[in-house]
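Below is one structure; the comments refer to it alone.
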Amino acid sequence: MRNFLLIVFLLCAAVTVAQPDTGSKISAVFEKDSFQIGEHIQYMLSVKYPKDQIALVPDSGFNYYPFEYINKKYIPTRTDSLFAYDSIVYILASYEVIPTQYLLVPVKFIVETDTVQQFTSIDSIFLQRLVKINSEKDVIADARLQDTPEAFNYPYIIAVWASALLIVFFLYKLFGRFILIRYRLFILKRTHNRFIKEYDLLAAQFEQSTDLRIIEQTLAIWKNYLTRLENKPINTYTTTELILLYDQEELESTLQSLDRNVYGGLVSKDTKDALQTIKRFTNRRFQLRRRDITGG
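Numbering (mature numbering (1 follows the signal peptide of the UniProt record, and there is no 0)), first residue to last: -20 to -1, 1 to 276.
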């Protein structure tokens, strides 16, 4: 970690050298060469730049790692005929145990419409150890922790599970039937809409092509849907068995008409009306099934 920080700082310094010359000069140093953990440290930044430029220095949002920002003090800007001079004193603190800690900060200059960033040179400060190395080893050796098994709180776990089951039971008693009905209605409606969409698509295709194979496919998906809706093996029923099951004159004439078209190989002008009759019949069966589920 220490080597990594040093490499980062050196790379930043190299970037500074490569930046264009703005006529400015910056420097930053620690007020002393050593510190203690948590001690407030003064880091003094000096900036000299042409009067026609604007200098932007780091504030509390900058990452001063391994230091932490505490405060800063501004010294009023001085100017002469060519340059402006800014001085800022940063109050920092560090809680890292790195023996040698480094810092450099960026200063941005607004030059006409451009922004140029320069870094200060790296300055370092040393950590003062209050405990000798040998003493630290003795403390670590004497402070061995003994593993203690954790007691599993069975009564607490049982109480939590019992409470959860009791809550679920009461919720089921209060809302279980309502939730079940809503779920069954949702599935019923979704299946019906899917059938109607597919049925209408096939009917439209038949109207354009008058291909009798489309009639066969339409009757097949209709029987499969009724099988699921009525919970009966209707997809295995013959036309005669369907007529006996529902005993409706309108459905009887419709199915017989479609059979004559399919098996006779002829398309009549009543075929389109027959498909619409089956659709109306299916919608009525859907509504009856819906009332059965809601009980009303």
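Glycine included, every Cβ here is placed at the ideal spot set by N, Cα and C.
Do you know how far the Cα of residue j is from the Cα of residue i?
{"i": "Tyr179", "j": "Trp202", "result": "8 Å"}
{"i": "Arg157", "j": "Ala184", "result": "40 Å"}
{"i": "Leu268", "j": "Tyr205", "result": "15 Å"}
{"i": "Arg162", "j": "Glu221", "result": "33 Å"}
{"i": "Ile176", "j": "Asn215", "result": "17 Å"}
{"i": "Pro135", "j": "Ile159", "result": "33 Å"}
Grab me the residues of residue i's own chain with a C-beta within less than 8 Å of its C-beta, minus the 5 sequence neighbours each way, in chain order.
{"i": "Val247", "result": "Thr190, Leu192, Asn241"}
{"i": "Leu165", "result": "Arg270, Ile273, Thr274"}
Are residue i and residue j close, meaning C-beta to C-beta below 8 Å?
{"i": "Val91", "j": "Gln16", "result": "no"}
{"i": "Ala73", "j": "Glu19", "result": "yes"}
{"i": "Phe67", "j": "Ser26", "result": "Before going further, note that residue 67 is Ser rather than Phe in the sequence given. Yes, they are a contact pair."}
{"i": "Ser7", "j": "Phe106", "result": "no"}
{"i": "Ile258", "j": "Leu168", "result": "no"}
{"i": "Glu187", "j": "Lys252", "result": "yes"}
{"i": "Gln197", "j": "Leu182", "result": "yes"}
{"i": "Glu11", "j": "Pro46", "result": "no"}
{"i": "Ile194", "j": "Leu238", "result": "no"}
{"i": "Gln236", "j": "Thr218", "result": "no"}
My assumption, with CB atoms under 8 Å, is that residue i sits in contact with residue j. Please give the rounded CB distance.
{"i": "Lys52", "j": "Tyr29", "result": "Lys52 to Tyr29, Cβ: 19 Å. No contact."}
{"i": "Met24", "j": "Val9", "result": "6 Å"}
{"i": "Leu84", "j": "Phe63", "result": "In fact, because the Cβ distance is near 22 Å, the residues do not count as touching under 8 Å."}
Ignore the nearest five residues each way along the sequence and tell me which others in residue i's own chain have a CB closer than 6 Å to its CB.
{"i": "Phe261", "result": "Leu231"}
{"i": "Arg58", "result": "Tyr65"}
Please return the same chain residues whose Cβ sits closer than 7 Å to the Cβ of residue i, not counting the five positions on each side in sequence.
{"i": "Phe266", "result": "His172, Leu209"}
{"i": "Ser104", "result": "Thr80, Gln81, Tyr82"}
{"i": "Ala35", "result": "Val27, Tyr29, Asp66, Val87, Phe89"}
{"i": "Thr128", "result": "none"}
{"i": "Ser40", "result": "Tyr49"}
{"i": "Phe(-12)", "result": "Its pLDDT being 48, under 50, Phe(-12) is placed unreliably by the model, and the measurement read from it follows with that caveat. Cβ within range, chain order: Tyr82, Leu84, Ile102."}
{"i": "Thr234", "result": "Ala254, Thr257, Ile258"}
Note down, one range per segment and in chain order, each alpha helix (DSSP H) of at least 4 residues found wholly within the region 179 to 244. Here the runs fully enclosed are 192 to 210, 219 to 226, 229 to 244.
May I have a chain-ordered list of the beta strand (DSSP E) segments no shorter than 3 residues that lie completely inside the region 13 to 78? Runs found: 21 to 30, 34 to 36, 47 to 59, 63 to 74.
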